[in-house]
Amino acid sequence: MIQYILRRLLQVIPVFLGTTLLVYYMVFALPGDPIAALFGDRQPNPAVIAALRQQYNLDEPFWVQYGLFLKNLFTFNLGNDFTGQPIAATLGRVFPVTAMLAIEALVIQGVFGVAAGLFAGLRKGKLFDSTVLITSLVVIAIPTFVLGFVLQLVVGVQLGWAKPTVGANVTWGTLLLPAFVLGLVSFAYVLRLTRASVIENMNADYVRTATAKGLSRPRVVFAHILRNSMIPVATYLGANLGGLMGGAIVTEGIFNVPGVGQKLYQAILRSEGPTIVAIVSVFVLIFVVANLLVDLLYAWLDPRIRYDK
Amino acid sequence: MRFSRTSKALGMVAIAALALTGCGAGGGTTQGASNGAGDPSKVITAYSNEPQNSLLPANTNEVYGGRVVELLFEGLRAYDPNGKPIDALAESIESTDGQNYTIKVKSGTKFSNGEEVTAKSFVDAWNFAALSTNLQNNGTFFESIEGYADVSAVKTEKGADGKDKDVPAPTAQTMSGLVLKDDTTIQVKLTQPEADWPLRLGYSAFYPLPSAAIKDPKTFGENPVGNGPYKLAKEGAWVHDQSISLVKNADYSGPRAAKNGGVTFKFYTDPGPAYTDIQANNLDVTDVLPTNALKTYETDFPENHLNKAYAGNATLNIPGYNPNFQGEAGKLRRQALSMAINREEITKVIFNGTRIPAKDFTAPVIDGYNENVAGSEVLKFDAAKAKELWAKADGIKPYDASKALQLAYNTDGGNKEWIDAVANNFKNNLGIQAEGQPFAKFAEILNLRKAKTLPGLTRAGWQADYPSLFNFLGPLLKTGASSNYEDYSNPAFDKLLTEGLGAKSTDEANKKFTQAQEVLFQDLPNLPLWYQARQAVWSQNVSNVDSGWNGVIQYYNITAK
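Protein chains in written order, with the working numbering: chain A, 1470 to 1778; chain B, 2 to 562.
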C-alpha cells in the first residue's frame, strides 16, 4: 500500500516538469513585450523598463528563465507578479476561495446527483426516471455561461433573492449560486452515471444473494447496490475536482468571484509567466492528489481491488 | 431579458465613447434627479480593478490606481470638470518669463497622519520621483525642470550575458532647477520657457508626499497617507484583488470636498458582472460598460446614465517610410484617405454614438479647443473629392498596388469592426485594396512601429495627462519626440510649438498651437478619427454622478440617497 502511494507520488515529478515546461514555453512564445505593455503610449525612463525586465528575468534566454523559475520554486520563493505582489501570497488568497467554490459544487453534484441517480435507477422506466433523464439531457446541453447569466439575472436581479455577484464578500452562502451553476452540468453526468451503474448492479449475483439471504431492503440498496455502483462515479468526481477548479474560470467571471480563475485570466492577459505557471503547478498537484485519492478509494469501495503488486 | 452577454470582450472597450455635451452636437449628459445633498455619511461603492502599481502618486500610471491616488492626495492645483486648472494648495504661481516660476504654498494644511504639508513636501516628492534610482513610472513628468537630465541619467552596461542593459546612473541627487526657498516658497527653473507648465501641476505625479513615503516607499505604497478629500479606511484597507475602502478625510478643506461618507472601490475583472450589480442596486457606479450594453444602457438606465466627451482621441498613423506616402503624391493620398472615411456613419452605426467624429488633432473639453481650424475640411467625408485627389496623386507618381493597404489593430480591444469599416471606406471610395491587419496585443504593434517595420496604417489612441493642447501635439508629432514613432518632422510645426510654449499667456500660446494644427492639416501625418467619451451608469441609491475633463468620475461629488 505505502509502496503504491510512493510510486504514484514519484510519478508526479515528470508530470510536473513536463506541464510547467510546456506552459512556461507557451507564455514565453506569446507575442509582444509584456513590460512595454504595462506602459502603453507613454514610456518611462529606460532604466525603469530595464529594471523590471531584470526583476522578472525577461532579459534571459528561455532555458535560463525556466531554470531560474524552477530554482525559485524549490526554494519556495515564487517571486512577485507584475503588480509587485508576492505570488505566494496571491496564491494563498485565491486558492481557498476557489477551493470553497469547488467543494460546494462537488457536494451539490455529489449528494444530489447520487441521490437522484439512485432513485431513478431503482425505479427504472417509471415517471421519475424518465423526467430526470430528459431534464438532465437539457442541463447537459446548456453551456455553463448561459445558465450562469440566466440564473444571475433571474435570481439576482429580477427576484432579488441573492446578490448577483460575490466580490469581496466570500462566504459559503454567497458562493451558493455560483457553486450551483458550476456543479449543475456535472450533476447531470453524476446522475446518469449513478443511474446506469445502479441498474447494472441490481441484477448482479451478490445483490440477488443478499436479497435471497433475507437482508432488509435498505441494507441491500445502500451496502450492496449503491456501494458497488460508486466506482465509476468516484472516478468521475475525483477527476472532476481538478476540472471544477480549472473550469471555474467562466463561473468566476460571471459572478465576480475573486478566485484562481480570475487571477489566471488576468495573468494571461498580462503575459505574466511566473503567475500562470505557479497557478498551473498547483492545478497539477491537485489533479494528481485527487486521482490518487480516487484510486485509494476503490479499495474501500470494492474489496476485490488490491494495490500490492 | 438579455441573454447575449457572452462577448466577454475584455472590457477594454473601457475607454470607449462619445459625448456631444461639450461640443454642442446634440445629445448630452443625463443627470439623475438631484434631490438635495443626500446622506453625507453614507459610503458609496464603485467599479474598479486591482491597481497595477503601489499607490505612490509618481508610480501610478494607469486608471485604476490613478482614481484612488487622485482621491487620497491634493496637489498645488486641481482641475474643474471642464479642464480649467484651479489653485488648490498653491497660494500663487508667478512667472515673468515662462521659465522661472515662484510657487507659494498655502500653510496650515496637514497629511492625515498629522504631518504638515509644506513646500518641502513637494520638493522632496518631486526629487524622489525624478531620481532614476527610485524607478518611478512617472519620473519623466519632471523633464522640463532644469537638472532633470542629471538625476534621471541612465548608462548602458554590458550585462553578465553580454547584452546591453540600461542602469540608473544619476550624476546628482536633486534637480538644480528645483529650489526650496522657505517653508512656503518653491522656486522652479525650467530648461526653456514653457507657458503651459503650470497646467501640469494638477497631475498626480506632482502631488506632495509625507516624509515617511520617501523613507520607505514600499510600505507606504501599500498604505498611503495623503492630504486629499479621502483617506484609507484603515491600515490594510487595500484588500488585493478584492477592494479598496476610502473614507472621508474630515481635515480636508480644498476645492474637492467629499459629499459622501466614503468610496469603496470593488474590483471586477470583467465589466459585465458590474453592470448586473448596478441593475440589482448591489453597486452604485460603474464607468466601464460591457460592449453589448453600449446599445442598451440608455434604455436600461433612462435617468441614471452619462455619455460625456473627455480629453482623448483616436487616430490612424501613416508611416513616412512607406514610399506610397512620400512627397507631393503622398500628401495628396493622405488627404484622399482622410476624406474617404465616413466618420459620422462609423461613430453612429458601429459605436452607437459613443464616440464623436474628430474635428482637429486634439480633443474638446480642453482650454483653447477650436473645431474650425483652417484646413480641417479634410476630415469631412467627400467620396468624389477623395477619388479625385487619389487620381491626381497617381498622375505625379503611380501608386504601388502590389500589396493591399493594411490597417494594423490589436484584437484585445474591440477594434475589428471599425477597422473593417474604414478599410471598406477605402476600398469603395478609392478603388484600392485595403484590409485589417490583426495583432493579439497592442504591445506588438508598438514594437513594430518603433522598429519602423509596419508599412501600413496603425491605429493609436491618446489620452491627455493634463488639459493642454500641447499635450496632444508635442509628445506625438514634434521632431524626435518620445511617442513620435512615425518620425514626422516639419520645422514650421516645431517652431510654432516652441513659440507657443514661450508665449506669455495661455491665450497667446493656444493661438500658436492652433496655427501649428494648420500645418498638421496640410501634412496630415496621421488621420484624426474621433474623440473619446465616458459612459457611466449608476444605481437608484446615488445621484450627482459626472465625469471630469479626463473622463474620470468625480467620486467626491456623488451623493447617496
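Glycine included, every Cβ here is placed at the ideal spot set by N, Cα and C.
For chain A, check one thing: does any of its Cβ atoms lie closer than 8 Å to the Cβ of residue i?
i: B:V118; result: no
i: B:A294; result: no
i: B:K349; result: no
i: B:T277; result: yes
i: B:A281; result: yes
i: B:Q533; result: no
i: B:G140; result: yes
i: B:P169; result: yes
i: B:N62; result: yes
i: B:N128; result: no
i: B:N551; result: no
i: B:T270; result: yes
i: B:N314; result: no
i: B:D288; result: no
i: B:P82; result: no
i: B:F443; result: yes
Of all Cβ atoms in chain B, is any one closer than 8 Å to the Cβ of residue i?
i: A:I1737; result: no
i: A:F1724; result: yes
i: A:T1640; result: no
i: A:Q1472; result: no
i: A:G1629; result: yes
i: A:N1549; result: no
i: A:T1643; result: no
i: A:V1626; result: yes
i: A:R1477; result: no
i: A:V1746; result: no
i: A:P1647; result: no
i: A:R1696; result: no
What does a CB cutoff of less than 8 Å around residue i pick up in its chain, not counting 5 residues either side in sequence?
i: B:I397; result: G328, E329, A330 and L333
i: A:L1606; result: A1657
i: A:V1626; result: P1633
i: B:S483; result: T141 and P476
i: B:I215; result: D125, A126 and F129
i: A:I1774; result: Y1767 and A1768
What distance in whole Å lies between the Cβ atoms of residue j and residue i, which are believed to be in contact at a cut-off of 8 Å?
i: B:Y311; j: B:R535; result: 5 Å
i: B:T110; j: A:N1514; result: Actually they are not in contact, since the Cβ atoms of B:T110 and A:N1514 sit about 31 Å apart, beyond 8 Å.
i: B:A206; j: B:A79; result: With 8 Å as the limit, B:A206 and B:A79 do not qualify as a contact, their Cβ atoms being about 14 Å apart.
i: B:L136; j: A:A1520; result: 5 Å
Looking only at its own chain, which residues have a Cβ that is under 7 Å from the Cβ of residue i, when we skip the five neighbours before and after it?
i: A:N1541; result: L1547 and G1548
i: A:G1742; result: Y1493, V1496 and F1497
i: B:G376; result: E519, F522 and Q523
i: A:L1713; result: A1571, A1574, L1575 and L1651
i: B:A424; result: L408, A435, E436 and G437
i: A:V1563; result: P1727, G1728, V1729 and K1732
Could you tell me whether any Cβ in chain D is nearer than 8 Å to the Cβ of residue i?
i: A:Q1554; result: This model lacks chain D altogether; the protein chains it does include are A and B.
Does the Cβ-Cβ distance between residue i and residue j come in under 8 Å?
i: B:S244; j: B:F268; result: yes
i: B:A258; j: B:S246; result: no
i: B:I559; j: B:I45; result: yes
i: A:G1590; j: A:R1664; result: yes
i: B:A341; j: B:L431; result: yes
i: B:S113; j: B:K232; result: yes
i: B:A510; j: B:L502; result: yes
i: B:N62; j: B:N139; result: yes
i: B:Q336; j: B:L390; result: yes
For residue i, which residues in the same chain have their Cβ closer than 6 Å to its Cβ, ignoring the five residues on either side in sequence?
i: A:T1489; result: V1746 and S1750
i: B:S55; result: G222
i: A:V1481; result: V1757
i: B:Y204; result: D466 and Y467
i: B:S490; result: T480
i: B:Q32; result: Interpretation of B:Q32 is limited by its pLDDT of 40, a score under 50 that renders its predicted location unreliable; the figure taken from the coordinates is listed afterwards. There are no such residues.
i: A:L1499; result: S1740
i: B:E95; result: T103
i: A:T1567; result: M1714, A1717, G1728 and V1729
| beta strand (DSSP E) runs contained entirely in the region 247-312 of chain B, provided each spans 3 or more residues | 263-268
| message | Please give me, in chain order, every unbroken run of the alpha helix (DSSP H) with length at least 4 that falls completely inside the region 1647-1717 of chain A. | response | 1674-1681
| message | Restricting to runs no shorter than 4 residues, where is the alpha helix (DSSP H) found entirely within the region 476-504 of chain B? | response | 492-502
| message | Please give the ranges of any alpha helix (DSSP H) in the region 1598-1623 of chain A, keeping only runs that are unbroken, at least 4 residues long and fully inside the region. | response | 1613-1620
| task | For the region 158-185 of chain B, list the beta strand (DSSP E) runs that are entirely contained and at least 3 residues long, ordered along the chain. | result | 165-169 and 179-183
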